[in-house]
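Residue 1 is where the first sequence starts when you use the numbering used here, and the numbers rise one by one after that.
The beta carbon of each residue, even a glycine, is placed where N, CA and C say it ideally should be.
Structure first, commentary second.
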Amino acid sequence: MANKIDARNFKGTRDYLPQEMIKRNEMITIIRSVFEKYGFVPLETPAVEYLDILMGKYGEEGDKLIYKLDYKGGSVAGMKYDLTIPLARVMTQHNHLVLPFKRYQIQPVWRADRPQPNQGRYREFYQCDADIVGVNTMIADAEIINMIHQILSQLDIGRFVIRINHRKILSGITAFVGLPKNKEIDLCRGIDKLDKIGREGVLKELSDQGFKEDEIHKIFDILAIEGDIHKVLTELKNIFKNNEIGLQGVIDLENIIEYLKNLGTPLENIKLDLYLARGLDYYTGAIYESSSLDLPHIGSLTGGGRYDHLIQSLGGNDYPAVGTTIGLDRIATVLSQQNKITEKDSLTNVLVTIFDETSVKKSMEICSLLRKNDIKTEIYYEITKMKKQFNYADKKKIPYVVILGPEEMTTQKISIKDMSKGSQEQINQDELITYLNNKLGKNP
RNA sequence: GGGAGUAUAGUUCAAUUGGUUAGAGCGCCAGAUUGUGGUUCUGGAUGUUGUGGGUUCAAGUCCCAUUACUCCCCCCA
Numbered sequence: 001m002a003n004k005i006d007a008r009n010f011k012g013t014r015d016y017l018p019q020e021m022i023k024r025n026e027m028i029t030i031i032r033s034v035f036e037k038y039g040f041v042p043l044e045t046p047a048v049e050y051l052d053i054l055m056g057k058y059g060e061e062g063d064k065l066i067y068k069l070d071y072k073g074g075s076v077a078g079m080k081y082d083l084t085i086p087l088a089r090v091m092t093q094h095n096h097l098v099l100p101f102k103r104y105q106i107q108p109v110w111r112a113d114r115p116q117p118n119q120g121r122y123r124e125f126y127q128c129d130a131d132i133v134g135v136n137t138m139i140a141d142a143e144i145i146n147m148i149h150q151i152l153s154q155l156d157i158g159r160f161v162i163r164i165n166h167r168k169i170l171s172g173i174t175a176f177v178g179l180p181k182n183k184e185i186d187l188c189r190g191i192d193k194l195d196k197i198g199r200e201g202v203l204k205e206l207s208d209q210g211f212k213e214d215e216i217h218k219i220f221d222i223l224a225i226e227g228d229i230h231k232v233l234t235e236l237k238n239i240f241k242n243n244e245i246g247l248q249g250v251i252d253l254e255n256i257i258e259y260l261k262n263l264g265t266p267l268e269n270i271k272l273d274l275y276l277a278r279g280l281d282y283y284t285g286a287i288y289e290s291s292s293l294d295l296p297h298i299g300s301l302t303g304g305g306r307y308d309h310l311i312q313s314l315g316g317n318d319y320p321a322v323g324t325t326i327g328l329d330r331i332a333t334v335l336s337q338q339n340k341i342t343e344k345d346s347l348t349n350v351l352v353t354i355f356d357e358t359s360v361k362k363s364m365e366i367c368s369l370l371r372k373n374d375i376k377t378e379i380y381y382e383i384t385k386m387k388k389q390f391n392y393a394d395k396k397k398i399p400y401v402v403i404l405g406p407e408e409m410t411t412q413k414i415s416i417k418d419m420s421k422g423s424q425e426q427i428n429q430d431e432l433i434t435y436l437n438n439k440l441g442k443n444p
């Protein structure tokens, strides 16, 4: 025999066992139904893309994390890194799509970084994207943010915050401080840690980064702006008096806030974060990210923004676009660390037992009848002692067990045991469906 | 990409300064109970101690390498 194979998962990938899949499917059902409620239509794209399409869109770090496929001597393809670039590609290739094109997409993506399950970080993970192509009003941005709020609330993840910012505000700040454009990212990175390392820490970090004293001084002027969103935006407007690009960002955000109110979005979960940067290169306007307030170590649960020229950069029309991704695995991690995952081993409602050879036919008929009436039903596959059959129902947490023994045969009744109560009753066959529908809460 | 830690049965963990045949809980299988699970009682099965080398009279235990996993930073979903 050949060497023993060491069965294991590829690093950073997991098997989603039934218990987990049942929960994931429930989550996906919620997400999909919200997407559809807002008028989004489904799209799927291949796992693999040509490398020239993937490269250069995600920033320097991102490019390194693309899984490259090596075949026929040359690396020309890679696993998709997100769902936004594939959408942009689709938009360039299918001109007949009605604008605004609103699509949702729920698929895995791959990133070659170091897995960290505790933070919900994997190499293969699911993204649930919703994007609006062809609209440049902030109504679209507001709808996306509103929808994120809706989904996170419905998934019952506990306290969360959606942080918003604008690429043009970042540019405005960079200009205000007097820095060259390429320092923008360093600037954000340094200041973003304010919460973690405090004022002194940021000061040190910035001077280590080579920022001059007067520059740091100006940065702290901006840092000093505090208060609610409106106040901050008003003060920024003042600072950006002669700064057209920064001003544009502020106006966009003002509009978004206004529209969010119109949509009835509770603003207490939404925070303006002037130092939210987001690594992906293609963003051009408003950007947003959300995280759990109870489990901040898990990082971002959703992330998105406006990317007005990405589609053109792939050779398509210059369509404005905005969208978000919902990080299914991150959210699942939050729920699991909050012990909110009720473990289900089965979706079956009824187990039909088989008493002996003479009752096989009857049991199978009842099983079939239940299924015809949309009741999730299993039949036990062996003619064996009741003990084993009940034990199976118990292990799989199947709530009802049907018994058809000699006694039931002669009385023309069916015995049904309620496994959680331990109680058992006999009913007429023609009452069976009504009885179970009642028990399962299916009748109005 | 940088740093740290862990590895013993299906699983969670034991095993004295290195010292006989590596143990226990849970789980699993069987019986008590030939029409009934979840409780109880009785019995049973399961290990190349991650892998390879080294030190030693003797290694689960010490050393080196390797692999896997975990954690932190970076970045993100």
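Inter-residue Cα distance where the pair is Met386 and Thr265 = 55 Å
Spatially closest choice to Leu310 from Met79, Leu54, Ile31 and Thr234, by CA coordinates | Leu54
Whether Tyr58 touches Gly327 by CB criterion (9 Å) = no
Tell me, to the nearest whole angstrom, how far the beta carbon of Glu365 is from that of Gln19; I am working on the premise that it is less than 8 Å.
-> 32 Å between Cβ atoms; not a contact.
To the nearest angstrom, report how far apart Ile433 and Lys80 are at their CA atoms.
-> 48 Å
Range of the contiguous beta strand (DSSP E) that encloses Arg330 | It is not in any beta strand (DSSP E) - Arg330 instead sits in the alpha helix (DSSP H) that spans Leu328 to Gln337.
For Pro108, write down the residues that DSSP places opposite it in a beta bridge.
-> Tyr126
Beta-carbon spacing of Asp131, Leu87 below 9 Å = yes
Own chain partners of Gln338 with C-beta closer than 8 Å, once the 5 adjacent residues on each side are dropped | The residues are Ile157, Gly158, Asp294 and Leu295.
Through-space distance from His94 to Ala2, alpha-carbon basis = Its pLDDT being 37, under 50, Ala2 is placed unreliably in this model, and the value from its coordinates should be taken loosely. When rounded, the distance between both Cα atoms is 50 Å.
Are the region 283 to 302 and the region 112 to 123 touching, with three or more C-beta to C-beta distances below 8 Å?
-> yes
Cβ-based neighbour list, Gly246, same chain, cut-off 8 Å, excluding 5 preceding and 5 following | Lys168, Ile169, Ser171, Gly172, Ile173, Ala175, Phe176, Leu236, Ile239 and Phe240
Integer-rounded CB distance, given that His149 should sit under 8 Å from Ala286 | About 15 Å separates the CB atoms of Ala286 and His149; that is not less than 8 Å, and the two are not in contact.
Considering Thr92, what are the terminal residues of the alpha helix (DSSP H) in which it resides?
-> Thr84 to Gln93
Compute the Euclidean distance between the alpha carbons of Ser91 and Asn428, then round it to the nearest angstrom.
-> Per the sequence shown, the amino acid found at residue 91 is Met instead of Ser. Distance between the alpha carbons of Met91 and Asn428: 60 Å.
From which residue to which residue does the alpha helix (DSSP H) around Val360 run?
-> Run containing Val360: Val360 to Lys372, per the alpha helix (DSSP H) assignment.
Reducing DSSP to helix, strand and coil, say where Gly304 ends up.
-> strand
To the nearest angstrom, report how far apart Leu206 and Lys64 are at their CA atoms.
-> 26 Å
Exposed or buried, Pro320, counting other C-beta atoms within 10 Å across all chains shown (16 or more means buried)?
-> buried
Closest by C-alpha distance to Val48, when choosing among Met21, Arg24 and Val76 | Val76
Which full runs of the beta strand (DSSP E) of 3+ residues lie inside the region 171 to 215, going along the chain?
-> none
If we ignore side chains and look at the alpha-carbon of each, how far apart do Phe125 and Asp214 end up?
-> So the alpha carbons of these two residues sit roughly 44 Å apart.
Would you please state the rounded distance, in angstroms, between the beta carbons of Ile219 and Leu272? I believe it to be under 8 Å.
-> No, Ile219 and Leu272 are not in contact; Cβ-Cβ is about 17 Å, not under 8 Å.
Buried or exposed: which applies to Ala7, given that a residue is buried once 16 or more other Cβ atoms fall within 10 Å of its Cβ?
-> By the neighbour-count rule (16 or more Cβ atoms within 10 Å), Ala7 is not buried but exposed.
Cβ-based neighbour list, Tyr435, same chain, cut-off 6 Å, excluding 5 preceding and 5 following = Ile427
Taking three-plus beta-carbon pairs below 8 Å as touching, is the region 341 to 355 in contact with the region 17 to 33?
-> yes
Spatial neighbours of Arg189 in its chain, beta-carbon cut-off 8 Å, leaving aside the 5 residues before and after = Ala277
Measuring alpha carbon to alpha carbon, tell me which of Lys204, Ile225, Glu226 and Gly227 ends up nearest Ile216.
-> Lys204
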